[in-house]
Every structure is written in C-alpha cells, then in structure tokens.
Amino acid sequence: MNKGQPRKPDDWGSLRAWAWGAARSLDYLETVPIVDSKSVGIEGVLRYGKAALVTLAFEPRFALALVGSSGEGGAKLYRRNFGEAVENLTGSGEYHWMAGNFLKYGATESSFGSKNAGDLPVDAHQLIALCSPRPTFISYGIPERGDAKWLDQQGSYMATVASG
C-alpha cells in the first residue's frame, strides 16, 4: 500500500480488510510525535493471528508480528492433511475470512469440478516468507496442556521452516 493512497478492501476478504484498517491506524501513529512509527508491531491470536500475519506480509511499515495459534488460513500449511482443513474455512456455515476466489478450493461439486487444498497455487510458507526480513514470531500453546490439536502446531512449524 502506498502511503497517502490507501486502497479500499473491496474483494480482499476480511483478513486483508483488517490489514487495511491496521495500516490506516499506522498512518495516524506516524503523525504522533512521541511514537516511533518505525518500531510498531502487530499481534493477534486465532483469527487475529491470521490477520496479523496477512498485515505484516502486505504492509511493509510494520516492524514485526506476533502470530498466535493462527491455524488454517494462517501459518499452517494448507496442503497438510491434519487438523483444520481448507474445507473448514470454505463451508457454507462459516464466516469467510479469505477473498471469494479462495472458496472454490473447498468445493466438492461445482461447474468447474472438485477442488481442494492440493489445487491451491500457493501455501502458507509463502505468506510467511513475504514477512521477511522482519521478525515474525509464530507461536502455539501446548496440546498436552489444553491447546487444540486441530490448530496443527506441527504444520505451522513446517511452514515456518519452509519459508526460509
């Protein structure tokens, strides 16, 4: 996004809309003399972890991100057959965080045939790589202490390693 020329979040899906909103907040912080706007980070857990990751990937003015338990659609590999799946994000009863084009990758029947996560042209490690070289801390709780296994801590670890 270019400073002074904010793009509107028309068909980005809500994650990009939240990133746009965070960028507008940073626009304001840049006008506050006591704020070091070059050191502002963003953080979030679960849905907001997804939003924090997308924000850091597409808004270069943020210095770092703390991404907690982001699961599918966040730091977890899409093409990993474990835990939360693409179909969880694209189901008819779900709140859709992704752009409309993403929905076709959870389709079992449609005019273009059946598509799944294996048909996606990108995966989470590429989103994480867009955050480079800024620090991106990706964290999860411990399943043995109550953190949900469907978040797929291992898949996020794999995506983080692959992003390098």
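So the sequence shown is numbered by my numbering: it starts at 80 and just counts up by one. In this text, a Cβ means the ideal position worked out from N, Cα and C, and glycines have one as well.
Could you tell me which residues DSSP pairs with residue i in its beta bridges?
i    : result
G120 : L143
T215 : A144
What's the C-alpha gap between residue i and residue j?
i    : j    : result
A241 : S218 : 16 Å
V119 : E223 : 33 Å
Y184 : E109 : 39 Å
S149 : F141 : 19 Å
M80  : P214 : Confidence at M80 is low in this model, with a pLDDT of 43, below 50, so its placement is unreliable and the value that follows should be read with caution. The straight-line gap from Cα to Cα measures roughly 20 Å.
S116 : P139 : 12 Å
G123 : S189 : 35 Å
For residue i, report the span of its alpha helix (DSSP H) as first-last.
i    : result
L105 : S93 to L108
A238 : Q232 to S242
K129 : R126 to F137
Which whole-angstrom value describes the C-beta separation of residue i and residue j, a residue pair presumed to lie in contact below a C-beta threshold of 8 Å?
i    : j    : result
A147 : L168 : For the sequence presented, residue 147 should be read as Gly rather than Ala. Between L168 and G147 the Cβ distance is about 18 Å, and since that is not below 8 Å, they are no contact.
L156 : D202 : 6 Å
V133 : L105 : That belief does not hold up - the Cβ atoms of V133 and L105 are roughly 14 Å apart, past 8 Å.
W176 : R103 : Actually they do not touch by this definition, with Cβ atoms about 19 Å apart.
A154 : T239 : 6 Å
Worksheet item: Going along the chain, which unbroken runs of the alpha helix (DSSP H) with 4 or more residues stay wholly within the region 165-203?
Response: 165-169
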